[in-house]
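Notes for the one structure printed next.
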Amino acid sequence: MNALQELLNRKSERNRLEGHDSFVSSVNFSPDGKTLVSGSDDKTIKLWNLETGELIRTLKGHDFYVNSVNFSPDGKTLVSGSDDKTIKLWNLETGQEIRTLQGHDSFVSSVNFSPDGKTLVSGSWETIKLWNLGTDWGLSDLMDRSCDWVRVYLQNNINVREEDRGLCDGIGTKN
Numbered sequence: 243m244n245a246l247q248e249l250l251n252r253k254s255e256r257n258r259l260e261g262h263d264s265f266v267s268s269v270n271f272s273p274d275g276k277t278l279v280s281g282s283d284d285k286t287i288k289l290w291n292l293e294t295g296e297l298i299r300t301l302k303g304h305d306f307y308v309n310s311v312n313f314s315p316d317g318k319t320l321v322s323g324s325d326d327k328t329i330k331l332w333n334l335e336t337g338q339e340i341r342t343l344q345g346h347d348s349f350v351s352s353v354n355f356s357p358d359g360k361t362l363v364s365g366s367w368e369t370i371k372l373w374n375l376g377t378d379w380g381l382s383d384l385m386d387r388s389c390d391w392v393r394v395y396l397q398n399n400i401n402v403r404e405e406d407r408g409l410c411d412g413i414g415t416k417n
């Protein structure tokens, strides 16, 4: 093998980031390219400074393996999916969990944001789910939307008691 072939076959490892206690299942760059996120079977998420290789922060909150991690387009939020069947949103500035989304019947294998950051997609064994992140509904909004949806059922299902048929009267947009 000549010198050129040897040079081409060499690994050009720039940095080595060590700190997880188990298999690293997912890695992604931040939108600005300055931070790396990693998710692991050790149930943790780690944020790394790419310039220095130093660990910035470890996020803990999942009960089982972390299978997928991704940054929001603005780089302010992180999403993680886990074998615990949950999706977690994290505030990157504080490292605090923002909220947990539940709804999959199996482990969450993949998560990502839409380009505008308003929709989240998650993949699992049985389904792909889309989550609307652009709306922060309060209780009255939830009541309005729920009653708009269930009203026809209450009024037309023969198994609903007469006194329950008006449960949504005066609530929602289709009063």
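Read left to right, the sequence shown gives residues 243 to 417 (the working numbering).
Glycine included, C-beta positions come from ideal geometry on N, C-alpha and C.
C-beta neighbour in chain C for residue i, strict 8 Å
i           : result
residue 284 : You won't find chain C in this structure, because it holds only one protein chain.
CA-to-CA distance, residue j to residue i, given in whole angstroms
i           : j           : result
residue 348 : residue 324 : 9 Å
residue 417 : residue 375 : In this prediction, residue 417 scores a pLDDT of 39, lower than 50, which makes its location untrustworthy; the coordinate-derived value is nonetheless stated afterwards. Between residue 417 and residue 375, the C-alpha separation is close to 27 Å.
residue 350 : residue 266 : 15 Å
residue 263 : residue 368 : 29 Å
residue 371 : residue 391 : 20 Å
residue 304 : residue 394 : 39 Å
residue 300 : residue 257 : 19 Å
residue 280 : residue 330 : 14 Å
residue 319 : residue 332 : 6 Å
residue 302 : residue 290 : 15 Å
residue 406 : residue 400 : 11 Å
residue 317 : residue 269 : 15 Å
residue 358 : residue 404 : 46 Å
residue 344 : residue 388 : 19 Å
residue 339 : residue 409 : 36 Å
residue 328 : residue 341 : 10 Å
residue 337 : residue 254 : 32 Å
residue 272 : residue 398 : 51 Å
residue 396 : residue 402 : 6 Å
residue 413 : residue 295 : 55 Å
Which listed residue (the options) has its alpha carbon closest to that of residue i
i           : options               : result
residue 199 : 290, 346 and 363      : Any question about residue 199 goes unanswered here, given that the chain covers just 243 to 417.
residue 356 : 346, 373 and 343      : 373
residue 277 : 366, 397, 335 and 350 : 335
residue 313 : 295, 258, 288 and 327 : 288
residue 293 : 259, 319, 316 and 409 : 259
residue 361 : 403, 321, 409 and 389 : 321
residue 346 : 272, 365 and 339      : 365
CB-CB length for residue i against residue j, believed under 8 Å
i           : j           : result
residue 261 : residue 297 : 5 Å
- request: Could you tell me whether the segment 300-309 touches the segment 276-285, where touching means 3 or more Cβ pairs closer than 8 Å?
  value: yes
field: Complete beta strand (DSSP E) runs within the segment 345-405 (minimum length 3 residues, chain order)
entry: 350-355, 361-366 and 370-374
field: Contiguous beta strand (DSSP E) assignments of at least 3 residues, all confined to the segment 258-344
entry: 266-271, 277-282, 286-291, 297-302, 308-313, 319-324, 328-333 and 339-344
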